[in-house]
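Report on the structure given below.
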Amino acid sequence: MTLDVSERTESVAALEVEGLEYAYPDGTQALHGINLRVEPGEKVALVGPNGSGKSTLLLNLNGIYRAQRGDITVFGERLEERTLGSIRAKVGLLFSNPDDQLFSPTVLEDVAYGPLHMGLPRDEVLARAREALAAVGMQEFESRAPHHLSLGQKKRVAIASVLSMGTPLLALDEPTANLDPRSRRELIELLDRLRLTIIVATHDLALVGDILPRTVVLDGGRVVADRPSRDVLTDSALLFEHGLEPLSMHGHPHA
Ligand SMILES: Nc1ncnc2c1ncn2[C@@H]1O[C@H](COP(=O)(O)OP(=O)(O)OP(=O)(O)O)[C@@H](O)[C@H]1O
Ligand SMILES: [Mg+2]
Numbered sequence: 000m001t002l003d004v005s006e007r008t009e010s011v012a013a014l015e016v017e018g019l020e021y022a023y024p025d026g027t028q029a030l031h032g033i034n035l036r037v038e039p040g041e042k043v044a045l046v047g048p049n050g051s052g053k054s055t056l057l058l059n060l061n062g063i064y065r066a067q068r069g070d071i072t073v074f075g076e077r078l079e080e081r082t083l084g085s086i087r088a089k090v091g092l093l094f095s096n097p098d099d100q101l102f103s104p105t106v107l108e109d110v111a112y113g114p115l116h117m118g119l120p121r122d123e124v125l126a127r128a129r130e131a132l133a134a135v136g137m138q139e140f141e142s143r144a145p146h147h148l149s150l151g152q153k154k155r156v157a158i159a160s161v162l163s164m165g166t167p168l169l170a171l172d173e174p175t176a177n178l179d180p181r182s183r184r185e186l187i188e189l190l191d192r193l194r195l196t197i198i199v200a201t202h203d204l205a206l207v208g209d210i211l212p213r214t215v216v217l218d219g220g221r222v223v224a225d226r227p228s229r230d231v232l233t234d235s236a237l238l239f240e241h242g243l244e245p246l247s248m249h250g251h252p253h254a
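Residues 0 to 254 (numbering that gives the first Met the number 0) are what the sequence shown spells out, left to right.
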């Protein structure tokens, strides 16, 4: 399967973040010395209250934002100006807002954009794009203009545009936001099947409990917990302290 291109190298971390400090141009210090190591094939949740730095961290992972201090290493390659292209071929980033991701005249062109610019042959590009669209149930929409889709449909196309690149590391910012229950369930099953390294920033703790064995809790731009998800999800004190709530209080969307 073309979507499944994990480069399993046991000795090298999939992701190593060391002492990462990031301040926005207006001076807002969003990340205060983040340390995080993710092994190949791990599936990690990034949770925490609004403004805790989840999106900022993900946007640093493929160099869209450039930290003032600290290092990011992806499958053994350090992120720097010179390696940006190569790092971006390894880290597929889903933006939390699909309008930031979609820019082509048609859905198919958007999903084909990544593989096309990786220099793949046209047949392979089309095959990958269509496979990715099918994976999110959007194959019927390939000729539509992305900006004429509903928010949930845009999200699914944005996910397809990340999957089509075949990157070994997926960094997904709120992938289930705005999805209807069936699309959400299908996406969760898809992410569960993918043999890739996956980091998911989310407020969807049921998703975390279902398919992400490890949870990193961010608050105020710092990692305040990094433990097995089953521990975090049952630690009410920790959850409440960081603006989260035990699952029993959400009502189970898939009960
Ligand atoms: N463009 C920006 N300029 C200045 N500060 C910003 C900008 N974007 C985000 N911030 C600030 O950076 C901090 C981290 O924001 P970030 O978007 O990473 O949080 P988050 O954990 O993704 O939150 P959410 O759950 O709402 O998505 C917050 O204090 C936020 O106000
Ligand atoms: Mg965010």
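Idealized CB from N, CA, C, for every residue including glycine.
Quick one: using the 10 Å Cβ neighbour count with 16 as the cut-off for buried, is residue i buried or exposed?
{"i": "Gln-100", "result": "buried"}
{"i": "Thr-233", "result": "exposed"}
{"i": "Gln-152", "result": "buried"}
{"i": "Pro-39", "result": "buried"}
{"i": "Glu-76", "result": "exposed"}
{"i": "Pro-212", "result": "exposed"}
{"i": "Ser-95", "result": "buried"}
{"i": "Gly-26", "result": "exposed"}
{"i": "Arg-65", "result": "exposed"}
{"i": "Arg-127", "result": "buried"}
{"i": "Ala-133", "result": "exposed"}
{"i": "Asn-61", "result": "buried"}
{"i": "Phe-102", "result": "exposed"}
{"i": "Pro-114", "result": "buried"}
{"i": "Pro-180", "result": "exposed"}
{"i": "Ser-163", "result": "buried"}
{"i": "Ala-157", "result": "buried"}
For residue i and residue j, what's the separation of their Cα atoms in angstroms?
{"i": "Leu-150", "j": "Pro-97", "result": "8 Å"}
{"i": "Arg-229", "j": "Arg-121", "result": "44 Å"}
{"i": "Glu-130", "j": "Leu-190", "result": "15 Å"}
{"i": "Val-261", "j": "Gly-242", "result": "In the structure as shown, the chain begins at 0 and stops at 254. Residue 261 is therefore absent and cannot be evaluated."}
{"i": "Leu-178", "j": "Leu-171", "result": "14 Å"}
{"i": "Arg-81", "j": "Leu-14", "result": "18 Å"}
{"i": "Glu-123", "j": "Ile-210", "result": "30 Å"}
{"i": "Phe-239", "j": "Glu-41", "result": "26 Å"}
{"i": "Asp-218", "j": "Ser-247", "result": "22 Å"}
{"i": "Leu-193", "j": "Leu-169", "result": "10 Å"}
{"i": "Ser-269", "j": "Leu-57", "result": "Because the chain is modelled from 0 through 254, residue 269 falls outside the range shown and cannot be assessed."}
{"i": "Gln-138", "j": "Val-90", "result": "24 Å"}
{"i": "Leu-204", "j": "Ala-176", "result": "12 Å"}
{"i": "Val-73", "j": "Ile-198", "result": "13 Å"}
{"i": "Ser-235", "j": "Glu-188", "result": "27 Å"}
{"i": "Lys-285", "j": "Leu-119", "result": "The requested residue 285 is not part of the displayed model; the chain covers only 0 to 254."}
Cβ of residue i within 8 Å of any heavy atom in ligand 2?
{"i": "Asp-70", "result": "no"}
{"i": "Lys-154", "result": "no"}
{"i": "Asp-259", "result": "The chain is shown from 0 up to 254; residue 259 falls before or after that span and cannot be answered."}
{"i": "Asp-172", "result": "yes"}
{"i": "Ala-157", "result": "no"}
{"i": "Ala-200", "result": "yes"}
{"i": "Lys-42", "result": "no"}
{"i": "Ser-54", "result": "yes"}
{"i": "Met-149", "result": "It is Ser, not Met, that sits at residue 149 in the sequence shown. Every heavy atom of ligand 2 is 8 Å or more from the Cβ of Ser-149, so no."}
Can you list, in chain order, the residues of its chain whose CB lies under 7 Å from that of residue i, leaving out five sequence neighbours each side?
{"i": "Gln-28", "result": "Ala-22 and Gly-220"}
{"i": "Leu-125", "result": "Ala-111"}
{"i": "Val-207", "result": "Ala-44, Val-46, Thr-201, Thr-214, Ser-228 and Leu-232"}
{"i": "Glu-17", "result": "Asn-34, Gly-69 and Asp-70"}
{"i": "Asn-59", "result": "Leu-19, Tyr-21, Ala-66 and Ile-71"}
{"i": "Ala-88", "result": "Met-117 and Thr-166"}
{"i": "Glu-244", "result": "Leu-238"}
{"i": "Ser-85", "result": "Glu-76"}
Does the beta carbon of residue i fall short of 8 Å from some heavy atom of ligand 1?
{"i": "Lys-89", "result": "no"}
{"i": "Pro-24", "result": "yes"}
{"i": "Ala-29", "result": "yes"}
{"i": "Pro-97", "result": "no"}
{"i": "Gly-62", "result": "no"}
What is the C-beta distance between residue i and residue j, in whole angstroms, given that I count them as a contact (C-beta under 8 Å)?
{"i": "Val-223", "j": "Val-231", "result": "The Cβ separation is near 10 Å, so there is no contact."}
{"i": "Val-161", "j": "Leu-93", "result": "5 Å"}
{"i": "Ser-142", "j": "Leu-186", "result": "Between Leu-186 and Ser-142 the Cβ distance is about 23 Å, and since that is not below 8 Å, they are no contact."}
{"i": "Thr-196", "j": "Pro-167", "result": "6 Å"}
{"i": "Leu-30", "j": "Thr-55", "result": "6 Å"}
Leaving out the 5 sequence neighbours to the left and right, which residues in its chain are closer than 8 Å to residue i when beta-carbon positions are compared?
{"i": "Ser-182", "result": "Val-135, Gly-136, Gly-151 and Arg-155"}
{"i": "Ile-63", "result": "Leu-92"}
{"i": "Thr-105", "result": "Glu-141, Ser-142, Arg-143, Ala-144 and Pro-145"}
{"i": "Asn-49", "result": "Gly-242"}
Could you check whether the Cβ of residue i sits closer than 8 Å to any heavy atom belonging to ligand 4?
{"i": "Leu-217", "result": "For the structure depicted, ligand 4 is absent and the ligand set comprises only ligand 1 and ligand 2."}
Here's a check: name, in chain order, each residue in its chain whose Cβ is nearer than 6 Å to the Cβ of residue i, leaving out the five neighbours to either side.
{"i": "Asp-225", "result": "Val-215"}
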